[in-house]
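If you want the numbering used here, it's the 1-based position in the sequence shown plus 2. Here is the structure we will look at, set down as structure tokens.
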Amino acid sequence: RLKLAVPFIGKDVPSRSSEFAHPDVIIGLTVLAYRYSGLRFEDFSDIVDALTSEFEAEIGPTRERAASRRHEMWVMEAGGKIRGIKTPLKGYVRRDAEQTEAEDGDADDVHSDAKSEEEEAEVVQLKFLQKSNEEQMMKLFELLKNSPHVIHWYLHNFIFPAYMRSQKAKISSSGQALGGDMLVGRRLGFSGTPSDLLPKELGACDYETGDDGKMLSTVLDP
3 RLKLAVPFIG KDVPSRSSEF AHPDVIIGLT VLAYRYSGLR FEDFSDIVDA LTSEFEAEIG
63 PTRERAASRR HEMWVMEAGG KIRGIKTPLK GYVRRDAEQT EAEDGDADDV HSDAKSEEEE
123 AEVVQLKFLQ KSNEEQMMKL FELLKNSPHV IHWYLHNFIF PAYMRSQKAK ISSSGQALGG
183 DMLVGRRLGF SGTPSDLLPK ELGACDYETG DDGKMLSTVL DP
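Shown next as structure tokens:
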């Protein structure tokens with residue numbers, strides 16, 4: 003996939019039809035592709051650009067801004083910690099690896115393992131995040147690349163609006179309306195079906211002389 007899922011007929015062999023025919027299939031398989039494979043670094047880089055731009059455009063206390071709250075929620079949901087933040091968001095209970103593993107027993111071993119994992123999962127606040135800092139970016143990327151919340155936000159805000167073909171309005175009509183004089187005054191039509199079932203405004207069907215004979219001759223010619 004580049005951005006959306008594409009059909010394959012075998013390993014590393016895409017089908018001649020380079021896209022799925024039905025939009026619901028594209029959406030479903032794209033979601034599965036991102037959920038199974040996770041975000042790529044270029045996807046994550048786009049997310050960071052959007053978050054930092056949104057954060058800089060907002061006003062108010064830094065932690066209360068929508069972009070900062072979203073970043074904090076993603077990190078907490080993924081089991082990470084944010085440096086310099088001790089209390090979770092209002093109404094949010096943090097579920098970290100140290101708590102769940104400690105409840106299972108072997109507290110001493112778990113504590114040491116959880117502490118090392120906690121250090122690896124600790125990331126900086128959004129206001130301090132710098133794309134030029136490779137360590138900061140890789141820590142956050144490894145933490146969030148498989149997060150369902152981040153993937154959903156990325157698909158909903160970036161991929162589907164940009165790459166799914168859609169129209170705000172759909173024009174539809176019946177054969178009677180198209181063939182009648184309601185829409186246009188002069189109409190010229192062609193059909194491969196020998197039928198007299200036509201709108202009255204079109205009048206009688208004018209059959210092309212010899213067409214049926216030519217078709218039978220072509221089909222029956224050995």
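The beta-carbon is built from N, C-alpha and C at its ideal position, and this holds for glycine as well. Keep in mind it's a predicted model, so treat the numbers as computed, not measured.
Collapsed DSSP secondary structure at residue i in the structure displayed
{"i": "Lys83", "result": "strand"}
{"i": "Glu60", "result": "coil"}
{"i": "Val33", "result": "helix"}
{"i": "Glu210", "result": "coil"}
{"i": "Val77", "result": "helix"}
{"i": "Val186", "result": "coil"}
{"i": "Val126", "result": "coil"}
{"i": "Phe43", "result": "helix"}
{"i": "Ala104", "result": "Unreliable placement is indicated for Ala104, whose pLDDT of 43 sits below 50; the coordinate value is still reported in the next sentence. Helix, per DSSP."}
{"i": "Pro196", "result": "coil"}
{"i": "Leu131", "result": "coil"}
{"i": "Arg67", "result": "coil"}
{"i": "Thr54", "result": "helix"}
{"i": "Lys202", "result": "helix"}
{"i": "Ile28", "result": "helix"}
Where the alpha helix (DSSP H) through residue i begins and ends
{"i": "Met140", "result": "136-146"}
{"i": "Ser163", "result": "Correcting the residue identity first, residue 163 is Pro in this sequence and not Ser. 162-165 is the span of the alpha helix (DSSP H), which, as asked, contains Pro163."}
{"i": "Leu218", "result": "213-222"}
{"i": "Ile7", "result": "According to the sequence displayed, residue 7 carries Ala and not Ile. Careful: Ala7 lies outside any alpha helix (DSSP H) and carries neither H nor E."}
{"i": "Pro150", "result": "150-156"}
{"i": "Gln178", "result": "177-181"}
Pick from the options that is closest to residue i, judged by C-alpha positions
{"i": "Val50", "options": "Lys88, Leu131, Leu185, Ile29", "result": "Leu131"}
{"i": "Leu31", "options": "Glu58, Leu128, Glu74, Phe162", "result": "Phe162"}
{"i": "Leu190", "options": "Ser197, Pro196, Glu203", "result": "Glu203"}
{"i": "Ala80", "options": "Glu144, Phe192, Leu218", "result": "Glu144"}
{"i": "Phe43", "options": "Lys88, Tyr156, Met184", "result": "Tyr156"}
{"i": "Arg37", "options": "Lys172, Leu146, Ser168", "result": "Leu146"}
Close Cβ partners of residue i (< 7 Å) along its chain, the five nearest in sequence each way excluded
{"i": "Ser200", "result": "First, the amino acid is wrong: residue 200 is Leu here, not Ser. Around Leu200: Gly181, Cys207."}
{"i": "His73", "result": "Leu53, Leu128"}
{"i": "Asn148", "result": "Gly40"}
Proximal residues to residue i (C-beta, below 8 Å), its chain only, five neighbours per side dropped
{"i": "Glu124", "result": "Gly82, Lys83, Ile84, Arg85, Lys141"}
{"i": "Met166", "result": "Leu6, Pro25, Ile28, Ile29"}
{"i": "Asn135", "result": "none"}
{"i": "Ser197", "result": "Cys207"}
Neighbourhood of residue i by C-beta, 6 Å cutoff - its chain only, sequence neighbours within 5 removed
{"i": "Gln178", "result": "Pro201"}
{"i": "Val126", "result": "Arg85, Gln138"}
Residue-level contact to chain C via CB, residue i, 9 Å cutoff
{"i": "Ala206", "result": "Structure shown: chain C not included; a single protein chain is present."}
Worksheet item: Three or more beta-carbon pairs under 8 Å between the segment 145-161 and the segment 72-86, yes or no?
Response: Judged by Cβ distances under 8 Å, the segment 145-161 makes contact with the segment 72-86, as three or more pairs qualify.
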